[in-house]
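**Q** When we follow my numbering, the leftmost residue of the sequence shown carries the number 230, and every step to the right adds one. Right, I'll just put the structure down here and ask away after.
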Amino acid sequence: MLPGMEVLACPEMAVPMDVMQHVISVESSRNPYAIGVVGGALVRQPKRLDEALATVRMLEQKGYNFSIGLAQVNRYNLEKYGLDSYEKAFQQCPNLQAGSRILAECYGRSGNDWGKSFSCYYSGNFTTGFRHGYVQKVFASIARQRGSMLASNDGVAPIEVVSRSQRRPVEVSQRPPTISPRAAVVNARIVDTVPAAQAYAQAALDPARAYEVYPSTGAMLRSDLTRTADAALSRVVMGALDRAMPPRQEAPMPVPVPEAPMPAVQQAGGPVLLRPWSERNSPQAMPAQAAPSAPLPVPHIPAGDAAFVF
């Protein structure tokens, strides 16, 4: 007989082992050497490989139709699913892999209906398995396993596992989101800045408008507020200074001082008189003019040497 852990160790199964184990429970009672004869039955089931091989060779010689192994693969499907010898067909994992492929094909043709799939595995169609009670036996095996699991868990049902391919989308009713008045004001401001942002993006794309700058609304508001605040502050400061400073007294106008009379113009040819610097502003009488001196004698130059006089 096949222990449970050896069944779970078989790789490359075409259907989940949780499903396939109930099929082999009904088909062969987990006997790897089981032989099912169509239209008949053996006196007893083989317990060893040599008994199983001798029996199938006898059935083949007599022309019987039969199925063998854990999954009861029919003799006419052995080569199709890779079981090219009776020895290999009685091996546990190759036999289970072939049976899982057959059940997977039935599951695909039935529109993912496990009841029809079990009937197809049993008889090749979707109805005979129900009439002969085969499908009911498989579901009863599944129910017994669930009952034993409930008993071992003190009556608490385990949580089912759903494969990713069987997930169904869940429709969620959507309601329009509610926003606070403050958030509405912020959204309105954001919407107001969209045209300016679009204009700026258009300018960035247009080479002719690459150097045009579009100030933001916030920048213009800040500039106006700054100028207004500066003017108000200037008026306050100037008023405080006017109140703190004493009234300014005007200085008396200076009295003009009469200037000393300028000395008479010195005659040409007179000597230049020098005076001390400290007496530069005091008037002083000019000295009497000296009599003109006698003219210097003119030397007599001969007429012949006049050309050489410089």
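No residue lacks a Cβ here, since even glycine has one placed at the ideal position from N, Cα and C. Bear in mind the structure is a predicted one, so any value in this text is a computation, not a measurement.
Between V248, R472, A300 and R304, which has its C-alpha nearest Q290's C-alpha?
**A** Cα-wise, what sits closest to Q290 is R304.
**Q** Can you tell me which of the three DSSP states A493 falls into?
**A** Low per-residue confidence applies at A493: pLDDT is 49, beneath 50, and the placement is therefore not dependable, though the value from the model is reported in the following sentence. In the structure shown, A493 sits in coil (DSSP, three-state: anything other than H, G, I, E or B).
**Q** Taking the CB atoms as reference points, tell me whether G328 and L299 lie closer together than 9 angstroms.
**A** Against a cut-off of 9 angstroms, the Cβ pair of L299 and G328 comes out as a contact.
**Q** Can the beta-carbon of S296 be found closer than 9 angstroms to that of V267?
**A** Contact: yes.
**Q** Give me the Cα-Cα distance between Q321 and S254, rounded to the nearest whole angstrom.
**A** Roughly 14 angstroms separates the two Cα atoms.
**Q** Take E241 and list the residues in its own chain whose beta-carbon comes closer than 8 angstroms to its own, dropping the five residues that flank it on each side.
**A** So the qualifying residues of the chain are Q326.
**Q** Using only alpha-carbon positions, find the residue among S370, P245, R375 and S339 that is nearest to T356.
**A** The shortest C-alpha separation from T356 is found at S339.
**Q** My understanding is that F244 touches V367, with C-beta atoms under 8 angstroms, so please give their C-beta distance in whole angstroms.
**A** Reading off the sequence shown, one finds Val at residue 244, where the question assumed Phe. In fact, because the Cβ distance is near 13 angstroms, the residues do not count as touching under 8 angstroms.
**Q** Report all residues from its chain with a CB closer than 7 angstroms to the CB of S370; omit the five preceding and five following residues, and keep chain order.
**A** Cβ within range, chain order: H251, S254 and V255.
**Q** Going by the beta-carbon positions, is the gap between L332 and Y350 smaller than 9 angstroms?
**A** Taking 9 angstroms as the Cβ cut-off, L332 and Y350 qualify as a contacting pair.
**Q** Between the C-alpha atoms of M230 and G362, what's the straight-line distance to the nearest angstrom?
**A** Residue placement at M230 is poorly supported in this model, since its pLDDT is 42, which falls under 50; the coordinates still yield a value, given next. Rounded to the nearest angstrom, the two C-alpha atoms are 25 angstroms apart.
**Q** How is F562 classed by DSSP in three states: helix, strand or coil?
**A** With the chain represented from 230 up to 539, any question about residue 562 goes unanswered, as that position is not in the structure.
**Q** Counting C-beta neighbours from all protein chains within 10 Å, is the total for T455 16 or more, i.e. buried, or is it exposed?
**A** By the neighbour-count rule (16 or more Cβ atoms within 10 Å), T455 is not buried but exposed.
**Q** If you follow the beta strand (DSSP E) that V180 is part of, which residue opens it and which one closes it?
**A** The chain is shown from 230 up to 539; residue 180 falls before or after that span and cannot be answered.
**Q** Decide if T457 is buried, meaning its Cβ has at least 16 other Cβ atoms within 10 Å, or exposed.
**A** With fewer than 16 other Cβ atoms within 10 Å, it is exposed.
**Q** Between S348 and Q301, is the Cβ-Cβ spacing less than 9 angstroms?
**A** It is not a contact, given that the beta carbons lie outside the stated cut-off.
**Q** If you draw a straight line from the C-alpha of L278 to the C-alpha of L288, how long is it?
**A** C-alpha separation (whole angstroms): 15 angstroms.
**Q** With DSSP run on the structure shown, which of helix, strand or coil describes P245?
**A** If DSSP states are grouped into helix, strand and coil, P245 belongs with coil.
**Q** Where does N303 fall in DSSP's three states?
**A** Looking at N303 - three-state DSSP - the assignment turns out to be strand.
**Q** Considering only C-alpha positions, which residue in the set N260, A460, M249 and M467 is nearest to Y336?
**A** Closest by alpha carbon: M249.
**Q** With a 10 Å radius around its C-beta and 16 neighbouring C-beta atoms as the bar for buried, classify G604 as buried or exposed.
**A** Past the edges of the chain, shown from 230 to 539, lies residue 604, and the structure says nothing about it.
**Q** How would you call N324, buried or exposed, if buried means at least 16 neighbouring beta carbons within 10 angstroms?
**A** Buried.
**Q** Quick one: Cα of N282 to Cα of E316, how far?
**A** In the sequence as displayed, the identity of residue 282 is Leu instead of Asn. Whole-angstrom Cα-Cα distance: 7 angstroms.
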